[in-house]
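Residue numbers (our numbering), protein chains in the order written: chain A, 1178 to 1455; chain B, 6 to 474.
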């Protein structure tokens, strides 16, 4: 059992959990994830490690309510325990000195970007961060990102905070002003990551995205997380989760992420409602 | 019942069982078991034992059954085989012990597998004795500490053998439940999960610790286990975990599964149960590609999940199908249709990315290939489309690369399988391996045989080392 030591709400439907998991905290690196299962009847879902404290033996997960399990997790309280937390899984981020790096997080994607940006900063890079959300209320971890970035840009779709627009706007501006960019790391919704890839592609800027497809075991066994990278199937769990953004088949990824959408919606309302999701 | 034939084991009828996940074969009762045991000639030089990878004393346990000493029978088996209820169900006995039975020369061999299953099931129903005797053996001082990676058949055998010798054994399992392929791969209707868990609990009673959610190579490395955590030796039994794909167009459409994922969702995650949290896509017309045991398991699972048509698509002919004859027979009885000499060319999908067909080409058999099987050759212009809404790919699995990547000094071959000698000794001192991670995908019992040998090697290695120290 893995105890929830702290839980706090970051925005509407988004919670942060500090979880006792000393073996994972001892080993995990930025870019890695865990698979959790809430209880005996639970499904296995992958969640990116947003932070870790080796001395305290804790890992931090930031979770948005989207499906069954994340909704049930939102109802859990400080002091409750999660039955299974397995990890760390996936390959760590390639942390080294690149020069000027741009770290982009969209929505809940800011959470996994944070430890990577922090490590890139510690490796001596000049870190420009761009974080975005639909509106100011949904923006998370602004203070944390400010603390570890040399420059920070905030974007909101409705303009309620920072630049009005999406995260690619400041990126475009940087490229337009001829600033040298040596490395771009982007994590967020698939459309956002695809957008970033398209912005940097013509300039051949090394761009990396972290993918979060559907998984069962997270150790290479099921093949459910396969995604085409340069036209060849790779498993996000053991070959990734980070890949060269310019080689990712984002369209295929988006289709595969919808595989259980109808089934899950049916479960959430028991299928006996008029929610028109079926 | 003429003496020339095996006693039949009762089964659910095909009509009944294709609608449920309960076990298909129901096992012998005491009278039938004793009658079947009476068929054994008690050969002075029993050939059947040669066919058993773990060398169970088959005539001895059968004699106990004949005499009605069922507890003696299971005790005899357990000196050599720590998972008899599993082996009695899933071993390919027709290619092993029963193949060598003298009776089989003219008639049907003794039903050794069914008798093993009977003894194990009897013991589970009446369990006091075997547990207490097992616990007595672990009371002594512990003579060493061994880490076992993977809790499938190979790992469990090593753990059981070494625990009986007095070692402190910890089994590390990456998933949340122990059992490996016995839990995630083989379906409930062939191997009920409570039986697997019972056999694993027997190992716990021997003092074996099982650490779930532990990914070796990530949570710990092998070097850490040996150098920092005080293990004298490590056994790697991580199996054949990485599913192969066909590399044909359309494999990423929704509705296409690797058999591993489909079976894991249904078995380990119990997605076949009503109101299960883990989703599974239930196709109405399902094509399963491949004809091994995993393919049969996937096809029969698809039927039970409600499919109206399930096809086995296989590029060779009936003779070459690698699945056990019994599994093929059961699948056919339940209504699985066999499209043999048929090779998939591409998977067709609709505009939303869901499967709507499997384009195939007809094949014919040509010359024998390297495997000795006649090579299938395409029949020109014979392409056709099989209308399906789900495709399950069951064409084998390769080794998981994680341990290889994170263990310096561990030699693997070009496929990524760990190199060992006959005794399970790897290139790295103190590290042993066996089962599918060494041989590539094979059977439960061959993995257990490899585990048995590796356990002997580990025992010798540790005792030799202690003498020098």
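The beta carbon of each residue, even a glycine, is placed where N, CA and C say it ideally should be.
Note on geometry: alpha-carbon atoms of residue 160 of chain B and residue 1433 of chain A lie some 35 angstroms from one another.
With respect to the 9 angstroms criterion, residue 1419 of chain A and residue 1388 of chain A are classified as neighbours on the basis of their beta carbons.
Sequence-distant Cβ neighbours of residue 1203 of chain A in its own chain, meaning closer than 8 angstroms and more than five residues away, are 1231 and 1234. Contact annotation: the region 82-91 of chain B touches the region 120-130 of chain B, with at least three C-beta pairs closer than 8 angstroms. Among the CB atoms of chain A, one or more fall inside 9 angstroms of the CB of residue 274 of chain B.
For the region 279-294 of chain B, residues whose beta-carbon sits nearer than 7 angstroms to a beta-carbon of chain A comprise 282, 283, 284 and 286. With a 10 Å radius around the Cβ and a threshold of 16 neighbouring Cβ atoms, residue 473 of chain B comes out exposed. In this structure, residue 158 of chain B lies away from residue 403 of chain B, with their beta-carbon atoms at least 9 angstroms apart. Around the CB of residue 389 of chain B, fewer than 16 other CB atoms lie within 10 Å, so the residue is classed as exposed. Just so you know, the alpha carbons of residue 1397 of chain A and residue 156 of chain B end up roughly 16 angstroms apart.
Collapsing the DSSP output to three states places residue 1330 of chain A in a strand. When the beta-carbon positions are compared, residue 306 of chain B and residue 250 of chain B stay at least 9 angstroms from each other.
Closer than 9 angstroms to the CB of residue 1412 of chain A there is at least one CB belonging to chain B. Residues of chain A with a Cβ closer than 9 angstroms to the Cβ of residue 220 of chain B are, in chain order, 1263, 1264, 1265, 1266, 1395 and 1396. Residue-level contact by beta carbon holds for residue 1204 of chain A and chain B, with a gap shorter than 9 angstroms.
Between residue 295 of chain B and residue 330 of chain B, the C-beta spacing is not below 9 angstroms. With respect to chain A, the C-beta atom of residue 257 of chain B has a partner C-beta closer than 9 angstroms. DSSP places residue 347 of chain B within a strand segment (E or B) once states are collapsed to three. Put simply, of B:291, B:174, B:96 and B:113 the residue whose alpha carbon is nearest the alpha carbon of residue 196 of chain B is B:96.
Annotation: residue 292 of chain B to residue 1316 of chain A spans about 46 angstroms, alpha carbon to alpha carbon. Taking a contact to require three or more Cβ pairs closer than 8 angstroms, the region 274-282 of chain B and the region 378-387 of chain B do not qualify as touching.
Under the 8 angstroms Cβ criterion, the region 319-337 of chain B counts as touching the region 296-304 of chain B, having at least three qualifying pairs.
Spanning the alpha carbons of residue 1326 of chain A and residue 1285 of chain A requires a straight line of approximately 18 angstroms. Between residue 1236 of chain A and residue 1195 of chain A, the CB-CB gap stays under 9 angstroms. Contact annotation: the region 78-88 of chain B does not touch the region 100-115 of chain B, with fewer than three C-beta pairs closer than 8 angstroms. CA-CA distance, residue 1244 of chain A to residue 428 of chain B, rounds to 49 angstroms. Using a CB distance below 9 angstroms, no part of the region 1313-1325 of chain A faces chain B. Take residue 1405 of chain A, set aside five residues on each side of it, and the residues of its chain with a beta-carbon closer than 7 angstroms to its own are 1426 and 1429, in chain order.
Chain-order list of chain A residues neighbouring residue 177 of chain B: empty, with the shortest C-beta distance near 11 angstroms, by a criterion of under 7 angstroms. Fewer than three Cβ pairs drawn from the region 1350-1365 of chain A and the region 228-238 of chain B lie within less than 8 angstroms of each other, which leaves the two stretches out of contact.
Per DSSP, the unbroken beta strand (DSSP E) holding residue 1223 of chain A starts and ends at 1222-1230.
Inter-segment contact for the region 412-427 of chain B and the region 366-374 of chain B is absent: fewer than three beta-carbon pairs are separated by less than 8 angstroms. Straight-line measurement puts the Cα of residue 1210 of chain A at about 18 angstroms from the Cα of residue 1219 of chain A. Three or more Cβ pairs closer than 8 angstroms define a contact, and the region 70-77 of chain B meets that threshold against the region 38-51 of chain B. Contact between the region 239-248 of chain B and the region 428-446 of chain B is present, with at least three C-beta pairs closer than 8 angstroms.
From the beta-carbon of residue 246 of chain B, the residues of chain A found nearer than 8 angstroms are 1396, 1397 and 1398.
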